[in-house]
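**Q** Pasting a structure below so you can have a look.
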Amino acid sequence: MALPIPFGAARGRRRKGPRAGEGWWALLFLAPTLVGLALLSAGPILASFGISLTSWDLLRPPQFVGIDNFVNLANDPRFLVSLRNTAIYTLLSAPIGLVLALALALALNQPLRGIALIRTAYFLPVVTSATAVGLVWAWIYSPASGLLNQAIGVVGLPPQKWITDPFWAMPSIVAMSVWQGLGINVIVFLAGLQAIPQEYYDAASVDGAGRWPKLRNVTLPLLTPSIFFTGILSLIGSFQVFDQVYILARPGKPTEATITLVYFIYESGFKFFRMGEAAAASWILFLIVAVLTVVYFRSQNRWVHYQ
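The letter at position 51 of the sequence shown is residue 57 when you use the numbering used here, and the numbering goes up by one with no holes.
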């Protein structure tokens, strides 16, 4: 009768094969990345939380104040305005950008001559410097000789102070941001459209489905993974908007209608040197984005359809 092999001996025997020790090699090759994440990501994140509990102006040693920075932010009208503006920006830019990108992707998903050049033209704003884009749109929105005021003047409308007007300031920022980020969403939607098998459309044609039924019952359901992906990118990117506001609007001169959370963090930390307040605002932004991301991910079981 064969004697039972102890568990430890069997486990040790399995390690003597050709794949023995590969786990250690994996850790060895992953070590530079893991160390980099720990030092350059996890370390600063934890450090920022520690700073959020202090009062620090970069010149004198930080003083521990507990949660006072968070309490002060909850009662700071300027912070609440930045939170409101960021929410408005997200609610406007994300849906509009996704709808326009989907419409353009459907239009560009055609076997036409020169379609590759057209697709490239739509992607160019993504790789263009944010400074260059901001300067171009600043000229477009110029109250004196801007292209937009000249265009609406042709139809008899009065010129507008787009960026300095409290009503038009945020929609102007949204229009620029949607235009600048349109290309990446179009590329993702194009990839999703081209991954849909033609057999589904052929089966729908056999059943007598026209263009709109195919779009509603075939294209959109099978494109939901791409919509989900672009949606999460748009959500996170909208809450982190800064370049467009800093270059184009410069909040507070003379209106605060365009100040956002990230601009408030920049202003608190590097203009007023209230590093504790800036760190606390950063953590509030992180928690908002984290909660919305978790809710968004959990919602995918209800509407995202994978092939």
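Using N, Cα and C, we set each Cβ at its ideal position, and we do this for glycine too.
#1: Name the one or two DSSP bridge partners that F70 has.
#2: Among T92, P83, L110, whose alpha-carbon lies nearest the alpha-carbon of V194?
#3: Thinking S183 and S99 are a contact (beta carbons under 8 Å), I'd like their distance in whole angstroms, please.
#4: What is the DSSP secondary structure of G18, reduced to helix, strand or coil?
#5: Going straight from the alpha carbon of L106 to that of N223, what length do you get?
#6: Do M176 and A263 come within 7 Å of each other at the CB atom, strictly closer than that value?
#7: Comparing the C-beta of G216 with each C-beta of chain B, is any distance below 7 Å?
#8: Buried or exposed: which applies to L267, given that a residue is buried once 16 or more other Cβ atoms fall within 10 Å of its Cβ?
#9: To which residues of the same chain is L65 closer than 8 Å at the C-beta, ignoring the five residues directly before and after it?
#10: If I measure Cβ to Cβ from V132 and keep anything under 6 Å in the same chain, skipping five residues before and after, which residues do I get?
#11: Anyone know if the C-beta pair for S240 and G198 falls short of 7 Å?
#12: Please say whether T60 and G282 have beta carbons closer to each other than 7 Å?
#13: If we call anything under 7 Å between Cβ atoms a contact, is G237 one with G103?
#14: Grouping DSSP H, G and I as helix and E and B as strand, with all else coil, what is E262?
#15: Using a Cβ-Cβ cut-off of 6 Å (strictly less than) and excluding sequence neighbours within five positions of I202, which residues of its own chain qualify?
#16: Which runs of the alpha helix (DSSP H), 4 residues or longer, sit entirely within the region 77-118?
#17: Kindly indicate which three-state DSSP category K167 falls into: helix, strand or coil?
#18: If you draw a straight line from the alpha carbon of L40 to that of G49, how long is it in whole angstroms?
#19: So, with DSSP's three-state summary, where would you put A201?
#20: Does DSSP classify V310 as helix, strand or coil?
#21: For E273, count neighbouring C-beta atoms within 10 Å of its own C-beta (all shown protein chains included) and say buried if the count is 16 or more, exposed if not.
#22: State whether the region 112-122 contacts the region 138-149, with contact taken as three or more CB pairs (one from each stretch) at a distance under 8 Å.
#23: Please report the residue range of the alpha helix (DSSP H) in which F248 lies.
#24: In whole angstroms, what separates the C-alpha of Y312 from that of L46?
**A** Put simply:
#1: In the DSSP output, where bridge partners are listed per residue, F70 has T60.
#2: Comparing Cα-Cα distances from V194 to each of T92, P83, L110, the minimum goes to L110.
#3: Going by Cβ atoms, the distance from S183 to S99 rounds to 5 Å, so yes, they are a contact pair.
#4: Residue placement at G18 is flagged as unreliable, the pLDDT there being 48, under the threshold of 50; a coordinate-derived value is accordingly withheld.
#5: Across the structure, L106 and N223 are spaced so that their CA atoms are roughly 20 Å apart.
#6: Using a Cβ distance threshold of 7 Å, A263 and M176 count as a contacting pair.
#7: The structure shown contains no chain B, having only a single protein chain.
#8: Result: buried.
#9: Apart from the 5 residues on each side of it in sequence, L65 sits with its Cβ closer than 8 Å to the Cβ of F279 in its chain, given in chain order.
#10: Excluding positions up to five away in sequence, the list reads G189, I190.
#11: No. Outside cutoff.
#12: Cβ atoms of G282 and T60: closer than 7 Å.
#13: Taking 7 Å as the cut-off, the Cβ atoms of G237 and G103 do not count as close.
#14: DSSP places E262 outside both helix and strand once states are collapsed to three, so it counts as coil.
#15: So the list reads L228, once near-sequence residues are dropped.
#16: Listed in chain order, they are 83-114.
#17: In the three-state reduction of the DSSP assignment, K167 falls in the coil class, being assigned neither a helical nor a strand state.
#18: For L40 and G49, the distance between alpha carbons rounds to 12 Å.
#19: In the three-state scheme derived from DSSP, where H, G and I count as helix and E and B as strand, A201 is classed as coil.
#20: In the three-state DSSP reduction, V310 falls in the coil class, being neither helix nor strand.
#21: Buried: at least 16 other Cβ atoms inside 10 Å.
#22: Judged by Cβ distances under 8 Å, the region 112-122 makes no contact with the region 138-149, as fewer than three pairs qualify.
#23: Note, F248: premise wrong, no alpha helix (DSSP H); not H, not E.
#24: Straight-line measurement puts the Cα of L46 at about 35 Å from the Cα of Y312.
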